[in-house]
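Asker: Residue 200 is where the sequence shown starts when you use my numbering, and the numbers rise one by one after that. Where a beta carbon is used, it is the ideal one built from N, C-alpha and C, also for glycine. Note that the structure is predicted; figures quoted are calculated from it, not measured. Quick one: the structure is below, questions incoming.
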Amino acid sequence: MSGHIFSPRSLKLKTLTMLAGASLLLSACSMFESSDPEVIIEGDRISILQLEKQLVPEDIANKENMYLPPAWQNEYWPQNGGYPNHAMHNLSLGTEDKAVSRIWSANIGQGTTKKLPLSASPVVFEKQIFAMDTTQHVTALSTENGKEQWRIDLKPEDEDENVTGGGISVANGVVYVTSGFNEAYALSAADGEQIWESKLPAPARSAPTVISGRAFIITADSRLVCLSADTGEILWEYQGISEMTGLTGTASPAADSDIVVPAFSSGEIYALRIENGSVAWSDNLSPVRRYSGMDDLVEIRGLPVIAREVVIAISFGGRMVAIDTRSGQRIWARSIGGSQTPWVAGDYIYVLTSDSELVALSRMSGQVVWVDALPAYEDVKDREDPIIWRGPVMANDRVFIVGSNGEMREYDPRSGEQITSWDTKESIALPPIIAGGTLYLTAESGKILAYR
Numbered sequence: 200m201s202g203h204i205f206s207p208r209s210l211k212l213k214t215l216t217m218l219a220g221a222s223l224l225l226s227a228c229s230m231f232e233s234s235d236p237e238v239i240i241e242g243d244r245i246s247i248l249q250l251e252k253q254l255v256p257e258d259i260a261n262k263e264n265m266y267l268p269p270a271w272q273n274e275y276w277p278q279n280g281g282y283p284n285h286a287m288h289n290l291s292l293g294t295e296d297k298a299v300s301r302i303w304s305a306n307i308g309q310g311t312t313k314k315l316p317l318s319a320s321p322v323v324f325e326k327q328i329f330a331m332d333t334t335q336h337v338t339a340l341s342t343e344n345g346k347e348q349w350r351i352d353l354k355p356e357d358e359d360e361n362v363t364g365g366g367i368s369v370a371n372g373v374v375y376v377t378s379g380f381n382e383a384y385a386l387s388a389a390d391g392e393q394i395w396e397s398k399l400p401a402p403a404r405s406a407p408t409v410i411s412g413r414a415f416i417i418t419a420d421s422r423l424v425c426l427s428a429d430t431g432e433i434l435w436e437y438q439g440i441s442e443m444t445g446l447t448g449t450a451s452p453a454a455d456s457d458i459v460v461p462a463f464s465s466g467e468i469y470a471l472r473i474e475n476g477s478v479a480w481s482d483n484l485s486p487v488r489r490y491s492g493m494d495d496l497v498e499i500r501g502l503p504v505i506a507r508e509v510v511i512a513i514s515f516g517g518r519m520v521a522i523d524t525r526s527g528q529r530i531w532a533r534s535i536g537g538s539q540t541p542w543v544a545g546d547y548i549y550v551l552t553s554d555s556e557l558v559a560l561s562r563m564s565g566q567v568v569w570v571d572a573l574p575a576y577e578d579v580k581d582r583e584d585p586i587i588w589r590g591p592v593m594a595n596d597r598v599f600i601v602g603s604n605g606e607m608r609e610y611d612p613r614s615g616e617q618i619t620s621w622d623t624k625e626s627i628a629l630p631p632i633i634a635g636g637t638l639y640l641t642a643e644s645g646k647i648l649a650y651r
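This is how it looks when you write it as structure tokens:
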């Protein structure tokens with residue numbers, strides 16, 4: 200599916216028409232109101248349409264033969280989502296059967312504030328972990344003990360306010376940073392010295408994706424900008440459809456071989472040729488039917504994943520798809536929404552849904568293997584203190600997710616049985632990352648926590 204179907208004006212007219220129709224319906228209903236006393240039905244009210252969306256395990260042919268790869272140790276986690284294709288499979292953690300324990304924690308600067316969330320995921324390269332706080336300070340820490348190696352302030356001198364957005368990537372000893380303003384930077388990983396600075400056409404919203412000597416950045420106006428990784432020169436741009444969003448940040452593009460796959464706030468996803476930005480194919484992840492106001496948030500916040508020549512993508516509004524990277528044809532589509540990145544491991548896909556569920560799917564068919572319903576609130580009875588779940592990641596044949604309440608859960612990847620849970624004693628801001636046999640968490644307080 201390609202082309203720009205809806206313009207802002209047509210969407211506005213459509214909305215006004217719907218509101219007018221709703222007003223007429225309400226007026227008509229009032230004419231037939233009964234004089235009988237109103238009957239109050241006690242109990243929670245649950246939308247029947249929402250019930251239709253609940254996921255259940257499905258019968259899958261040859262389920263017992265679904266492949267789960269052995270654990271492998273990745274020394275680096277160099278970009279948002281791991282590697283540029285965002286497919287990390289089954290990683291190795293320092294302990295096989297033992298419980299992980301915290302080995303150090305370190306401060307990276309200012310954490311989440313009332314106005315600004317901590318949104319830049321850290322990256323790991325050559326025994327260093329690089330992170331950015333909410334005041335545009337980039338810090339390099341030792342992965343051995345958390346000791347600070349260097350720290351640099353990238354907030355422009357003429358800017359008074361801090362902003363959210365942007366992120367960090369590292370490749371070939373160079374740290375690439377977008378800070379949420381109109382600049383992109385290249386820094387030396389060794390000492391933080393600036394190599395180049397590039398002016399962007401609009402504020403950056405994604406961390407850079409770096410591959411084949413190019414850095415790809417999505418800006419606030421839904422534009423993909425391709426920079427030379429060596430000089431910062433803009434090589435080409437692609438303009439997507441811009442749409443208002445209620446989610447923080449933007450998914451970093453996925454890239455593999457000769458294509459880059461950006462996802463925009465409109466719910467559109469494209470495969471563009473790395474060389475010149477020409478369109479190979481496009482799709483749209485807006486839901487076919489909208490059940491609630493939440494479905495209107497069609498943005499793709501979870502990172503697209505490229506695995507075995509298939510693109511896996513999910514929108515918050517309730518659409519998850521698998522697309523052939525060469526033809527652009529959908530292999531399957533499901534009415535599943537979420538804002539976290541799907542995790543691909545062999546024949547399995549693990550994903551957190553916007554309905555607070557951890558789901559395992561068949562990579563080939565999209566069928567549901569297992570589902571675990573997660574608590575959406577710390578105070579379930581009064582529905583107070585919502586829990587935001589982050590992840591998943593997979594290591595040592597275990598699926599890890601972590602809640603904003605600090606709870607870490609570990610699951611059996613085949614059965615969905617919860618193996619254990621433990622308390623990080625911190626409010627967690629971002630999904631876990633794993634590198635060098637160590638699991639790293641980013642706390643809302645502005646700390647990096649290392650576990651092994």
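1) Can you tell which of 617, 594 and 290 has the C-alpha that lies nearest to the C-alpha of residue 571?
2) Which residue marks the beginning of the beta strand (DSSP E) containing residue 331, and which one marks its end?
3) Just the C-alpha distance for residue 478 and residue 365, rounded to the nearest angstrom, thanks.
4) Cβ atoms of residue 604 and residue 586: under 9 Å apart, would you say?
5) So the beta strand (DSSP E) residue 439 belongs to, where does it begin and stop?
6) With C-beta atoms as the reference, is residue 307 less than 9 Å away from residue 340?
7) Check this for me: beta carbons of residue 327 and residue 636, under 9 Å apart or not?
8) Can you tell me which of the three DSSP states residue 498 falls into?
9) Using a Cβ-based criterion (distance less than 8 Å to any ligand heavy atom), does residue 341 qualify as near the ligand SAH?
10) Using a Cβ-Cβ cut-off of 8 Å (strictly less than) and excluding sequence neighbours within five positions of residue 474, which residues of its own chain qualify?
11) Out of 392, 544, 553 and 432, which one is the CA nearest neighbour of residue 612?
12) Return yes when the Cβ of residue 504 is within less than 9 Å of the Cβ of residue 649, no when it is not.
13) If you count every other CB in all the chains shown that lies within 10 Å of the CB of residue 244, and 16 or more means buried, which is it?
14) Going by the DSSP bridge assignment, what does residue 351 pair with across the sheet?
15) Tell me, please, which residues DSSP counts as bridged to residue 619.
16) Suppose you measure from the CA of residue 434 to the CA of residue 264; what does that come to, to the nearest Å?
17) Using alpha carbons as the reference points, say which of 404, 573 and 329 lies closest to residue 423.
18) Checking 9 Å against the spacing of the C-beta atoms, do residue 533 and residue 560 come in under that value?
19) Taking its Cβ as the centre, do 16 or more other Cβ atoms sit within 10 Å of residue 539, making it buried, or is it exposed?
20) Could you tell me the alpha carbon to alpha carbon distance between residue 335 and residue 258, rounded to whole angstroms?
21) Round the Cβ separation of residue 416 and residue 386 to the nearest angstrom and send it over; I've been treating them as touching at under 8 Å.
22) Is the separation between the beta-carbon of residue 542 and that of residue 535 shorter than 9 Å?
23) Pick helix, strand or coil for residue 646, following the three-state DSSP scheme.
24) Measure the C-alpha to C-alpha separation of residue 390 and residue 512 and round it to an integer number of angstroms.
25) Any contact between the region 290–300 and the region 518–528? By contact I mean 3 or more CB pairs, one from each, below 8 Å.
26) Rank 437, 381 and 588 by C-alpha distance to the C-alpha of residue 661 and give the top, closest one.
27) With which residues is residue 513 paired in a DSSP beta bridge?
28) Measure the beta-carbon distance from residue 646 to residue 304 and round it to whole angstroms, keeping in mind my assumption that it falls under 8 Å.
29) What does DSSP give as the partner residue(s) for residue 524 in the beta ladder?
30) Quick one: what does DSSP say residue 638 is sitting in, helix, strand or coil?
31) Given this structure, state the Cα-to-Cα distance separating residue 481 from residue 343, to the nearest angstrom.
32) Quick check on the DSSP output: the beta strand (DSSP E) that includes residue 590 runs from which residue to which?
33) Looking only at its own chain, which residues have a Cβ that is under 6 Å from the Cβ of residue 279, when we skip the five neighbours before and after it?
34) On a Cα-Cα basis, can you pick out the residue from 501, 471, 597 and 550 that is closest to residue 527?
Answerer: The short version:
1) 617
2) 327–331
3) 25 Å
4) yes
5) It is not in any beta strand (DSSP E) - residue 439 carries neither H nor E in the DSSP assignment.
6) yes
7) no
8) coil
9) No copy of the ligand SAH occurs in the structure displayed, which carries no ligand at all.
10) 457
11) 544
12) no
13) Because the pLDDT of residue 244 is 46, which lies under 50, any placement of that residue in the model is unreliable, and the number read from its coordinates should be weighed accordingly. Exposed, because fewer than 16 other Cβ atoms sit within 10 Å of the Cβ of residue 244.
14) 337
15) 609
16) 46 Å
17) 404
18) yes
19) buried
20) 49 Å
21) Not confirmed; about 15 Å, so no contact.
22) no
23) strand
24) 36 Å
25) no
26) Because residue 661 is not part of the residues shown, which for the chain are 200 to 651, the question remains open.
27) 519
28) 5 Å
29) Residue 524 pairs with nothing; no bridge assigned.
30) strand
31) 43 Å
32) 588–594
33) 320, 366, 406 and 451
34) 471
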